[in-house]
Amino acid sequence: MPSDPYPADLRSASPDAVAHAVRHELDLLEEAEGARVLLAVESGSRAWGFESPDSDFDVRLVYVRPVEHYLRLDPVRDVLEWRLDEVLDVSGWDLDKSLRLARGANPSFFEWLASPVIYDEDPAFAAVRDLAAECFSPAASARHYLSMATGQLVACQGETVPLKKYLYTVRALLAARWVVAERRPAPMRLKDLVDAGLEGPVRGPLKDVLADKAVSGERDGHPRVPELDAWLQTTLAELTDVVADLATAPKVPWERLNEVFLAVVRSAQAG
1 MPSDPYPADL RSASPDAVAH AVRHELDLLE EAEGARVLLA VESGSRAWGF
51 ESPDSDFDVR LVYVRPVEHY LRLDPVRDVL EWRLDEVLDV SGWDLDKSLR
101 LARGANPSFF EWLASPVIYD EDPAFAAVRD LAAECFSPAA SARHYLSMAT
151 GQLVACQGET VPLKKYLYTV RALLAARWVV AERRPAPMRL KDLVDAGLEG
201 PVRGPLKDVL ADKAVSGERD GHPRVPELDA WLQTTLAELT DVVADLATAP
251 KVPWERLNEV FLAVVRSAQA G
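Residue numbers (our numbering): 1 to 271.
The following block contains the structure:
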């Protein structure tokens with residue numbers, strides 16, 4: 001893992017320059033770890049579309065190791081933390097962990113798959129995407145977003161609320177609403193969720209909050225917005241009743257996951 005902090009000017013760099021820097025980190029990671037990156041995406045506020053000037057880059061990976069790694073008797077880590085500083089945060093999951101989480105409809109994994117910022121993707125990862133589509137659970141996803149919104153609302157007490165948490169709550173509820181209506185993973189960008197289903201009277205106040213977030217620090221607060229507060233409480237109550245009635249789908253058989261796992265490991269070995 002690199003020990004030197006990444007230059008802060010990456011935050012003001014062009015998207016191409018950021019992608020180049022991230023790919024350089026991926027090259028270093030692959031060489032040092034003996035792993036092959038299958039997917040590298042942006043996660044967090046920069047993928048959601050409401051980053052602050054001092055937001056870091058949250059790069060999330062799915063990687064695969066040589067076949068011998070999976071034939072060992074001693075326990076091995078299935079998580080890799082490559083870099084963590086104030087500018088660049090690079091970490092990820094082994095393919096085997098990723099597939100197990102996909103089978104359990106893990107919401108974080110599906111958010112990675114929906115990221116609009118893809119730094120790298122191996123052709124072999126297409127099989128994982130196809131499998132993930134079979135594993136997606138609207139019930140699990142919607143419940144996750146509702147739980148997230150509930151937790152964030154607890155942090156949004158007082159006369160001034162954390163800008164980031166305010167927007168996290170809005171996005172979580174819009175994502176839950178999307179999943180209930182569409183029965184498929186929600187898009188990452190807040191703008192797409194707003195365009196798909198936010199009531200007109202709330203759009204203006206939300207636009208003002210987003211404008212403040214774009215020029216504020218990650219930890220800055222914001223005065224309460226009555227229109228937004230009312231929408232959050234009403235929408236949370238409405239969705240809670242709807243989501244409670246969603247049926248949980250049966251899980252994809254292990255045989256299907258094993259098939260994809262072996263195919264991707266062999267592809268990486270051959271490549």
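No residue lacks a Cβ here, since even glycine has one placed at the ideal position from N, Cα and C.
Of the other Cβ atoms in all chains shown, 16 or more fall within 10 Å of the Cβ of D122; this residue is therefore buried.
Going by beta carbons, L239 and A140 fall outside the 9 Å limit.
For the pair A172 and Y145, the CB atoms are nearer than the 9 Å cut-off. Annotation for E159: no beta strand (DSSP E) segment contains it, and DSSP assigns it neither H nor E. Taking a 10 Å sphere around the C-beta of R219, we find fewer than 16 other C-beta atoms and assign the residue as exposed.
Counted as a single uninterrupted DSSP element, the beta strand (DSSP E) harbouring D94 occupies residues L88 to D94.
DSSP places P223 inside the beta strand (DSSP E), whose first and last residues are G221 to P223. Residue range F57 to V64 is occupied by the beta strand (DSSP E) that includes D58, with no alpha helix (DSSP H) assigned at that position. In the DSSP assignment, S43 falls within the unbroken beta strand (DSSP E) covering R36 to S43. Counting only runs of 3 or more residues that sit fully inside the stretch 140 to 189, the beta strand (DSSP E) segments are 160 to 162, in chain order. When secondary structure is reduced to three states using DSSP, V215 falls in the coil class, being assigned neither helix nor strand.
E159 is a Cβ neighbour of P223, given a cutoff of 9 Å.
Partner residues in the beta bridge of V79, as assigned by DSSP, are W93.
For E25, the closest alpha carbon among the candidates S108, V87 and F50 is that of V87.
In the DSSP annotation of this structure, the continuous segment of the beta strand (DSSP E) that includes D120 starts and ends at I118 to E121. Within 10 angstroms of the beta-carbon of A132 lie 16 or more other beta-carbons, which makes it buried. Judged by DSSP in its simplified three-state form, L84 adopts strand. In the assembly as shown, T248 is an exposed residue. Its beta-carbon has fewer than 16 other beta-carbons within 10 Å. Counted as a single uninterrupted DSSP element, the alpha helix (DSSP H) harbouring T240 occupies residues P226 to A244. Separation of the CB atoms of Y63 and L38 is rounded to 6 Å, and the pair is thereby assigned contact status at 8 Å.
Boundaries of the alpha helix (DSSP H) around F110: P107 to L113.
Nearest C-alpha to E30 among I118, E81, L167 and W48: E81. By the C-beta criterion, the stretch 97 to 117 is judged to be in contact with the stretch 183 to 197, since at least 3 inter-stretch pairs fall below 8 Å.
With distances taken between CA atoms, V242 lies nearest to A142 out of A142, L167 and C156.
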